[in-house]
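Visitor: Take this structure, written in structure tokens, and hold onto it; I'll ask about it next.
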Amino acid sequence: MITNIIMNILFIILGLVGGSFASALSYRALNDISISKGRSFCPKCKETLDWKDLIPVFSWLKNKGKCSHCKNEISPRYPIIELATAFIFVTIYHAYDSFFAALFFCIVATLLVALTACDLEKKLLPIQITYLILPFAFIAKLFSGDGIFSAILLGLICHYGAKGMKILHKKLRSKDALGEGDIHFLGVAGFTITIELLPVFLVASGSLGILTGLLWKRIYNEEEFPFGPAMIVSLLLCIILHGSI
Ligand SMILES: [Zn+2]
491 MITNIIMNIL FIILGLVGGS FASALSYRAL NDISISKGRS FCPKCKETLD WKDLIPVFSW
551 LKNKGKCSHC KNEISPRYPI IELATAFIFV TIYHAYDSFF AALFFCIVAT LLVALTACDL
611 EKKLLPIQIT YLILPFAFIA KLFSGDGIFS AILLGLICHY GAKGMKILHK KLRSKDALGE
671 GDIHFLGVAG FTITIELLPV FLVASGSLGI LTGLLWKRIY NEEEFPFGPA MIVSLLLCII
731 LHGSI
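Okay, so the sequence shown: first residue is 491 according to my numbering, each after it adds one.
If you want it as structure tokens, here you go:
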């Protein structure tokens with residue numbers, strides 16, 4: 491009982507930190523700044539942030555959603571991303587019997603949150619983040635007892651299947667259905683899920699993709715919409731189901 495409470499708190503804290511890291515990673519990937527370079531700074535005044543300004547959710551609330559240096563508004567998306575990641579972490583922790591499988595799938599989830607932020611902001615899935623998922627998914631799969639050979643095979647099938655679909659769609663409709671980033675992501679997603687969950691992943695991605703397309707058209711009046719979030723939510727769903735069943 492006590493251990494369970496401590497573990498829940500641990501995964502909430504790790505999730506908040508993971509969410510904060512995901513925001514920083516997406517910002518740096520979209521602006522071509524190395525993640526290892528320098529400390530976090532305010533995107534508006536570029537002032538280096540003190541540790542007091544970097545506590546997930548708490549700092550945003552304490553500074554009333556403003557930068558402590560320039561007093562410019564800091565988007566509520568940051569605490570929202572941190573809280574959402576904490577929720578995902580706790581859900582993954584409860585899905586898996588193996589602590590380490592849960593932990594490494596949580597790292598995968600952090601990278602997925604960063605990719606969602608990138609795709610929603612710039613309709614881009616940076617391949618350096620996409621491929622960073624592979625080593626962590628590999629370790630998570632070792633701890634959850636999945637076959638690595640079948641994972642590689644499924645990854646290749648998804649990658650080349652998506653590539654084939656893109657070429658076919660371009661020939662038939664003379665426009666792109668999937669971006670390059672989506673194709674790389676589908677390969678990595680194939681490696682991360684298992685064959686049993688492939689139908690769930692495809693149906694969920696397709697349905698959520700249609701929903702995103704409709705919402706995007708209504709809100710932004712644009713035909714082209716980011717497909718990443720639909721695939722990412724479906725992959726997270728599969729990661730959670732994989733641990734639960
Ligand atoms: Zn500032």
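Each residue gets a CB set at the ideal place from its N, CA and C atoms; glycine is no exception.
Nothing here was measured: the structure is a model prediction, and the numbers come from that model.
1. Is Asn553 near ligand 1, with its Cβ less than 7 angstroms from a heavy atom?
2. Tell me whether the beta-carbon of Val678 lies closer than 8 angstroms to the beta-carbon of Leu624.
3. What does the shell around ligand 1 hold, if a residue joins when its beta-carbon is under 7 angstroms from any heavy atom?
4. Tell me the rounded alpha-carbon separation between Leu504 and Ala576.
5. Pick from Phe681, Gln618, Leu615: whose alpha carbon is nearest that of Ile647?
6. Could you give the DSSP three-state label for Glu611: helix, strand or coil?
7. Flag this pair as yes or no: are the beta carbons of Ile627 and Val580 separated by less than 8 angstroms?
8. Tell me the start and end of each unbroken alpha helix (DSSP H) in the stretch 597 to 682 that is at least 4 residues and wholly inside, in chain order.
9. Would you list the residues sitting across from Phe531 in a DSSP beta bridge?
10. Assuming Asp543 and Asn553 make a contact with CB atoms under 8 angstroms, what is their CB distance in whole Å?
11. So who's on the other strand from Glu714, going by DSSP bridges?
12. Given this structure, state the Cα-to-Cα distance separating Ser724 from Val690, to the nearest angstrom.
13. Could you tell me if Glu714 is buried or exposed, where buried requires 16 or more neighbouring beta carbons within 10 angstroms of its beta carbon?
14. Taking the alpha carbon of Leu614 as the point to measure from, which residue in Gly671, Ser664, Leu692 has its own alpha carbon closest?
15. Is the distance from the Cβ of Gly699 to the Cβ of Phe717 below 8 angstroms?
Guide: Working from what's here:
1. Position 63 of the sequence shown, counting from 1, holds the residue named residue 553. The nearest non-hydrogen atom of ligand 1 is 7 angstroms or more from the C-beta of Asn553.
2. Start at 1 with the first residue of the sequence shown, and residue 678 comes out as number 188. Start at 1 with the first residue of the sequence shown, and residue 624 comes out as number 134. Taking 8 angstroms as the Cβ cut-off, Val678 and Leu624 qualify as a contacting pair.
3. Result (chain order): Cys532, Lys534, Cys535, Glu537, Cys557, His559, Cys560, Asn562.
4. What you label residue 504 is simply residue 14 of the sequence shown in a count that begins at 1. What you label residue 576 is simply residue 86 of the sequence shown in a count that begins at 1. Approximately 7 angstroms between the Cα atoms of the pair.
5. On the sequence shown, residue 647 is found 157 positions in, with the first residue counted as 1. The shortest Cα separation from Ile647 among Phe681, Gln618, Leu615 belongs to Phe681.
6. If you number the sequence shown from 1, residue 611 lands on position 121. Correct three-state label for Glu611: helix.
7. Position 137 of the sequence shown, counted from the start, is the residue given in the question as residue 627. Position 90 of the sequence shown, counted from the start, is the residue given in the question as residue 580. In the sequence as presented, Ile is not what sits at residue 627; that position holds Ala. Not in contact: Ala627 and Val580 (Cβ atoms no closer than 8 angstroms).
8. Complete alpha helix (DSSP H) runs here, min 4: 617 to 634, 638 to 663, 670 to 682.
9. Here residue 531 is taken as the residue at index 41 of the sequence shown, counted from 1. DSSP output for Phe531 lists Thr538 as bridge partner(s).
10. Numbered from its first residue, the sequence shown carries residue 543 at position 53. Numbered from its first residue, the sequence shown carries residue 553 at position 63. Sure, about 7 angstroms apart at Cβ, within 8 angstroms.
11. Walking along the sequence shown from the start, residue 714 turns up at place 224. DSSP output for Glu714 lists no bridge partner at all.
12. Here residue 724 refers to the residue found at position 234 of the sequence shown. Here residue 690 refers to the residue found at position 200 of the sequence shown. One alpha carbon belongs to Ser724, the other to Val690, and they sit about 8 angstroms apart.
13. As a first step, residue 714 is located in the sequence shown; it is residue number 224 there, counting from the start. By the neighbour-count rule (16 or more Cβ atoms within 10 Å), Glu714 is not buried but exposed.
14. Translated into the one-based positions of the sequence shown, residue 614 becomes position 124. Considering only alpha carbons, the answer is Gly671.
15. Your numbering for residue 699 matches position 209 in the sequence shown. Your numbering for residue 717 matches position 227 in the sequence shown. Yes, Cβ-Cβ distance for Gly699 and Phe717 is below 8 angstroms.
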